[in-house]
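Same order as they appear, the protein sequences are chains U and S.
As numbered in the numbering used here, residues -17 to 308 make up the first sequence, in order.
As numbered in the numbering used here, residues 129 to 458 make up the second sequence, in order.
Virtual Cβ for every residue (Gly too), placed ideally from N, Cα, C.
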Amino acid sequence: MSEIMFWEAIRRAHDEEMSRDPMVICMGEDIGVAGGTYKATNGLFDKFGPERVIDTPISENGYTGLGIGASYLGVRPIIEIMSVNFAWLAMDQMFNTAAKVHYMSGGQLKAPVVIRSPGGTAHQLGAQHSARMEKVFMGIAGLRVVTPSNPRQAYGLLKSAIRCDDPVFINEHELMYNMKGEVDDKEFFMPLVGSEVARSGKDITLFGYNISVHWCLQAADILAKQHGIDAEVVDLYALSPLDREGIAASVSKTHRALIAEEAEPAVGVGSEIMAIINETCFYELDAPPVRVSAVNVPIPYNHTLEKAAIPTAQDVVKAVLKMFGK
Amino acid sequence: MDSEVKKRLLHEMLFARRFEERCYEAYVERKIGGFLHLYSGEEACAFGVLEAARVNHDYVMTSYRDHIHAIKCGVDPKVVMAELYAKVTGCCKGLGGSMHIFGAEHRFMGGYALVGGPFPLAAGIAKAIKMKGGDEISICFLGDAANNQGTFHESLNMAKVWDLPVLYVCENNLYGIGTRIDRSTAVVDQYKRVSGYNIPSEQVDGQDVEVVYAAAQKAIEHVRSGKGPYFLELMTYRYRGHSMSDSNAYRPKDEERMWSKRDPIIMLRDRLIDAGEMSLEDYKQMDGDILDKIEDEIIKFAEESPEPPLEMLEKYTLVENDPWVNGGSV
Chain U
-17 MSEIMFWEAI
-7 RRAHDEEMSR
3 DPMVICMGED
13 IGVAGGTYKA
23 TNGLFDKFGP
33 ERVIDTPISE
43 NGYTGLGIGA
53 SYLGVRPIIE
63 IMSVNFAWLA
73 MDQMFNTAAK
83 VHYMSGGQLK
93 APVVIRSPGG
103 TAHQLGAQHS
113 ARMEKVFMGI
123 AGLRVVTPSN
133 PRQAYGLLKS
143 AIRCDDPVFI
153 NEHELMYNMK
163 GEVDDKEFFM
173 PLVGSEVARS
183 GKDITLFGYN
193 ISVHWCLQAA
203 DILAKQHGID
213 AEVVDLYALS
223 PLDREGIAAS
233 VSKTHRALIA
243 EEAEPAVGVG
253 SEIMAIINET
263 CFYELDAPPV
273 RVSAVNVPIP
283 YNHTLEKAAI
293 PTAQDVVKAV
303 LKMFGK
Chain S
129 MDSEVKKRLL
139 HEMLFARRFE
149 ERCYEAYVER
159 KIGGFLHLYS
169 GEEACAFGVL
179 EAARVNHDYV
189 MTSYRDHIHA
199 IKCGVDPKVV
209 MAELYAKVTG
219 CCKGLGGSMH
229 IFGAEHRFMG
239 GYALVGGPFP
249 LAAGIAKAIK
259 MKGGDEISIC
269 FLGDAANNQG
279 TFHESLNMAK
289 VWDLPVLYVC
299 ENNLYGIGTR
309 IDRSTAVVDQ
319 YKRVSGYNIP
329 SEQVDGQDVE
339 VVYAAAQKAI
349 EHVRSGKGPY
359 FLELMTYRYR
369 GHSMSDSNAY
379 RPKDEERMWS
389 KRDPIIMLRD
399 RLIDAGEMSL
409 EDYKQMDGDI
419 LDKIEDEIIK
429 FAEESPEPPL
439 EMLEKYTLVE
449 NDPWVNGGSV
């Protein structure tokens, strides 16, 4: 077991899979000679060369489509889109081609691409560099969506995603690349479905994914120490498909649910989980589920306003206390 | 091109014309649903280029006007028609439809319904070919109007930067849906537009299959020899509207008459007759045999085939039983 950074975990998964299989390539803006904006491909250009570590032009839809086309013939591209804000431009190829080609060809073709991209609000990057798009991707049939919350998941999910024959979108976070965490030195793979109980509890379930798992964990500590509330934290690392059984199992145990998400509330992860709770375990509830979401605004540049737009652990605590009438 | 090849091409192109016109009838009869884009009038483009290519070896893709390219690549016309009839015996089991014909075993990599969508996909196939070290090439047929998509520019740029073995064939039929090219496009000659990407290109008559064949031979030789991408513009005309929902009222009748005098099938037929290689009676016999085959074999097969079972509804959304979804077994 080693403590490594999130970017190192991603880099390790690339390195191992590219060493194993000559058909695994990576491509994206500045990922080669420059080593990647977040260092996730650092050193790979020197090791594997320009044919397999490809610095692309700034043509997101074009290079994503190129990766998809290559994947038809057994190439396994790991496509890095520098920011999910730019991934909007590649949605045509991701949604119209990668997500649909297996179906519309009657199972003849597969598009085993991995598309990694960081979303989220970082530090004063402004409206066009702060998007959270996971809710868009998870609404598309034919696409798997996962989102790691720590280096162990970042490594294990990418390892499986590269080998999986489905197109997989990996939603990362700009603020998390330097986060440290324990990762087994021995090779391992994570399932692309399911969820993890990050903290066991009995009074309420806090659902989080990616960065919001950490708000939930902090909130659970505060709730336990200061308010005597024993919260369970469920890490939804798979957003599509969502773990219906895992969601229902935890809510059936705690009878209360809160969903923390960094994105705007409408048509989001929170609303989807609420729907699943309604469909699977409504009569287990002791209180209506609550979501803690971003304010519905384009993200402002001003630091104070930016912080005000995005939830925190404290917002999760407040919402829980309100549910408990405290 | 020797006369036996010409006669075979005449047969193939006439078959394509009759196939498409029979689709028209089936659509009117509501046997075929959705959108239907017919290739009538443009036959020399697909047949000229693919005659010069190595079908079942080279990879081919195109837009939604895709039935004929698939057939020339080797996809059985019966399974193409069955697909149009939405039957489980169709090439995509009835899940694709007219705009999504696929024949992966013949390396026909699909029909795509987003204008310009295949540009980067074809470049990606070329990238895979290059990685694997084979002598296949990737051939992408698209219409003139696709060149106004961003994917055109993004893909040509990448294809040249990485010198990928891809041939882009522009079937310039002068209309993007119902808008004439000079009303939508600043540079009407499409072959000129690729000079900005340092890609060699040529514009030729797309109605004369021998001319197309000769130009395609040159283009394919360039691409297969490792010199990078090539762009071939074929001047052509479609007889039907953009799709079946299109009344075609936007085109001047004089223009239609002018192009009908340059019908690719009639031109080749008359050339063979003038050379004494066949008679008009031979041609009529050929035509009758084709019509019989379409009715007796192809339509019959499509009509009599079953629809896909309801259990198939979700089957191909994701790949079935992929072990890596559960973290594999290592």
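For U:Asp147, the residues of chain S that pass the 8 angstroms Cβ criterion are Val447, Asp450, Trp452, in the order they occur in the chain. The beta carbon of U:Arg34 falls within 9 angstroms of a beta carbon belonging to chain S, placing the residue at that interface. Using a CB distance below 9 angstroms, the part of the region 169 to 186 of chain U facing chain S consists of Glu169, Phe170, Phe171, Met172, Pro173, Leu174, Val175, Gly176, ordered along the chain.
Under a criterion of Cβ atoms nearer than 9 angstroms, the residues of chain S adjacent to U:Gly124 are, in order, Tyr444, Thr445, Leu446. Within its own chain, the residues whose Cβ lies closer than 8 angstroms to the Cβ of S:Pro293, once the five positions on either side in sequence are excluded, are Ala254, Ile257, Lys258, Glu264, Ile265, Ser266, Val351, Arg352, Gly354, Gly356, Pro357, listed in chain order. Beta-bridge pairing by DSSP links U:Glu164 to U:Glu(-15).
When C-alpha distances from S:Gln413 are compared across S:Val133, S:Leu142, S:Val316, the shortest belongs to S:Leu142. Collapsing the DSSP output to three states places U:Arg181 in a strand.
A direct Cα-Cα distance of roughly 8 angstroms separates U:Ile229 from U:Ile255. The C-alpha of S:Tyr213 is placed about 20 angstroms away from the C-alpha of S:Cys201.
Exposure of U:Tyr283 is indicated by the presence of fewer than 16 other C-beta atoms within 10 angstroms of its C-beta.
Along the region 43 to 73 of chain U, the positions whose C-beta sits under 9 angstroms from a C-beta of chain S are Asn43, Gly44, Tyr45, Thr46, Gly47, Leu48, Gly49, Ile50, Gly51, Ala52, Ser53, Tyr54, Leu55, Gly56, Val57, Pro59, Leu71, read in chain order.
Interface residue (Cβ-Cβ distance to chain U less than 9 angstroms): S:Gly222 is classified as such. Assignment of alpha helix (DSSP H) within the region 151 to 227 of chain S, counting only whole runs of 4 or more residues, yields 171 to 180, 195 to 201, 205 to 212 in chain order.
Residue pairing of U:Gly49 in beta bridges, as defined by DSSP: absent, with no partner found. Interface annotation for the region 100 to 121 of chain U against chain S: empty, criterion Cβ-Cβ distance under 8 angstroms. The Cβ atoms of S:Gly231 and U:Gln90 lie closer than 9 angstroms to each other. Nearest Cα to S:Cys151 within the set S:Glu140, S:Tyr167, S:Gln331: S:Tyr167.
It is roughly 52 angstroms from the alpha-carbon of U:Lys117 to the alpha-carbon of S:Asp336. At least one CB of chain U lies nearer than 9 angstroms to the CB of S:Val289.
S:Cys219 has its alpha-carbon roughly 9 angstroms from the corresponding atom of S:Met209. Secondary structure remark: continuous alpha helix (DSSP H) runs of at least 4 residues inside the region 298 to 366 of chain S, in chain order: 309 to 312, 318 to 321, 337 to 352. Taking C-beta separations shorter than 7 angstroms and ignoring five residues to either side along the sequence, the partners of U:Ile40 in its chain run Glu11, following chain order. Taking a beta-carbon distance threshold of 9 angstroms, S:Ser433 does not count as an interface residue toward chain U. Taken in chain order, the members of the region 271 to 285 of chain S whose beta-carbon sits within less than 7 angstroms of a beta-carbon on chain U are Gly278, Thr279, Glu282, Ser283, Asn285. S:Asp450 sits in coil when the DSSP states are folded into three classes, being neither helix nor strand. Short of 7 angstroms from the beta carbon of U:Glu288, and not among the five residues preceding or following it, lie these beta carbons of its own chain, in chain order: Thr103, Gln106, Ile281, Pro282. By the Cβ-count criterion, S:Tyr155 is buried, with 16 or more other Cβ atoms from all chains shown falling within 10 Å of its own Cβ. Scanning chain S for C-beta atoms nearer than 8 angstroms to the C-beta of U:Gly10 yields nothing, as the closest lies near 13 angstroms away.
U:Leu303 and U:Leu205 have their C-alpha atoms spaced approximately 8 angstroms apart. The count of Cβ pairs closer than 8 angstroms, one atom from the region 336 to 345 of chain S and one from the region 403 to 417 of chain S, stays below three, leaving the stretches out of contact. Straight through space, the alpha carbons of S:Ser191 and S:Leu178 are spaced by roughly 16 angstroms.
Residue environment for S:Leu438: exposed (fewer than 16 other C-beta atoms within 10 angstroms of its C-beta). Chain-ordered, the chain S residues with CB closer than 8 angstroms to the CB of U:Val83 read Gly238. Per the C-alpha coordinates, the member of S:Lys135, S:Ala172, S:Val207 positioned closest to S:Ile426 is S:Val207. Proximity of U:Ser142 to chain S, defined by a Cβ-Cβ separation below 9 angstroms, is satisfied.
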